[in-house]
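Notes follow the structure.
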Ligand SMILES: [Mg+2]
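Residue numbers (my numbering): -4 to 386.
This is the structure we're talking about:
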């Protein structure tokens, strides 16, 4: 057994005590199709399944190409948030998941899927996003976000060929917003040598961190060593390298990044995510997996509970701006605009979302697609009940 496997928190992998069929406990499963404002991650529509449990509504929305083993982690997360499985936070010991640290929201941490989940008007900060665009559009694009303290600029859309355009855009950004916290995200768009070339240039922009300049944990680790050797003050963050619970531990073991980007569904829920963040010892930023507001609510809950360690404060500040402002990427959501978890002045509320029944009807997929999702749900359900699903 590898070191990683020994350290993996049990909450991410234990079999779940579930009835034989999901229809025994879930009366209404809805599968909905959300049109996107622009193509993102290669898709123009996002299919999401939602259902209600004792704690409220939850979303199950693995991307359609994911296999059963991978999609099952997303179901584990949805079951936890709905309250259909016990809170997975902090294992079975009942101990607080953040012992020795304080939750980011500054309030006491309720169980992740408790029916008394917070209804107060607590908020978590989110970053604005600056896509590839001409410098002349920077001001207009960011004006849509209102006042935001942190902006993430996408770079490397065409790899190193974008560098001149990226630099022109970042210079304009810094001219307009000299004090705004800036992150970069290359979505693994560079090769190792090009990443170094780009980092030499980007170092002048006072970055909070640089997300995934290169693909893969090993390449990230190599890049980080080279940045240190060259004395380049760039903090690396791992995003695409983290798809499942053991990945943050591998990032930590290899010293591949100083910050991890985490998403609730791929890590199997709020509890398992907190466990793995704690086990990795790395400061974390919560990001969405392109969910509707129902799913974003779980991300906001995790963001409010992030461990606040000294290294998190040093690298990310007192209030960690998360990548949860993605509701705006859809043309329509499961609730009215005013109830959706759309950012206002760089923050979203931490609260549960109940879908609007009319929207649930009008956004429903056709019967054939619904059957496909029911089969997927059944397969993942069976997988989570099985003791051998990771073998
Ligand atoms: Mg990213």
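The beta-carbon is built from N, C-alpha and C at its ideal position, and this holds for glycine as well. What you are looking at is a predicted structure, and each value in this text was computed from that prediction instead of being measured.
Between residue 289 and residue 329, the C-beta gap is smaller than 8 Å, which places the two residues in contact. In the DSSP annotation of this structure, the continuous segment of the alpha helix (DSSP H) that includes residue 370 starts and ends at 362 to 380.
The three-state secondary structure of residue 181, taken from DSSP, is coil.
In this structure, residue 229 has its CB at a distance of at least 7 Å from all heavy atoms of ligand 1. Counting only runs of 4+ residues, the alpha helix (DSSP H) found wholly inside the region 217 to 251 occupies 241 to 249, in chain order.
In the three-state scheme derived from DSSP, where H, G and I count as helix and E and B as strand, residue 317 is classed as strand.
Ligand 1 never approaches residue 122 closely enough for any of its heavy atoms to be under 7 Å from the residue's Cβ.
The residue from 342, 359 and 149 with its alpha-carbon nearest to that of residue 142 is 342.
Rounded to the nearest angstrom, the gap between the Cα atoms of residue 320 and residue 78 is 25 Å.
Residue 34 counts as exposed, since fewer than 16 other C-beta atoms from the protein chains shown sit within 10 angstroms of its C-beta.
Look at residue 206: its beta carbon is less than 7 Å from one of the heavy atoms in ligand 1. If only complete runs of 4 or more residues are kept, the region 111 to 197 shows the alpha helix (DSSP H) at 133 to 138, 158 to 171 and 187 to 197, in order along the chain. Residue 42 and residue 309 have their C-alpha atoms roughly 38 Å apart. Taking residue 58 as reference, the option from 159, 196, 260 and 208 with the minimal CA-CA separation is 260. Taking a C-beta distance under 8 Å as the contact criterion, residue 127 and residue 160 qualify as a contact pair.
Under the three-state reduction of DSSP output, residue 272 falls in the helix class. Inter-segment contact for the region 62 to 69 and the region 43 to 50 is absent: fewer than three beta-carbon pairs are separated by less than 8 Å. Check the Cα spacing between residue 13 and each of 55, 234, 80 and 347: the tightest is with 80.
The C-beta distance from residue 148 to residue 162 rounds to 11 Å, too long to fall under 8 Å, and the pair is not in contact. With respect to the 8 Å criterion, residue 279 and residue 249 are not classified as neighbours on the basis of their beta carbons. Your pair residue 118 and residue 144 does not check out as a contact, with CB atoms roughly 12 Å apart and the cut at 8 Å. Approximately 14 Å separates the beta-carbon atoms of residue 336 and residue 284; this is outside 8 Å, ruling out the contact. Rounded to the nearest angstrom, the gap between the Cα atoms of residue 140 and residue 146 is 10 Å. The residue among 172, 267, 313 and 275 with its C-alpha nearest the C-alpha of residue 297 is 267. Per DSSP, reduced to three states, the secondary structure at residue 335 is coil, with no helix or strand assignment.
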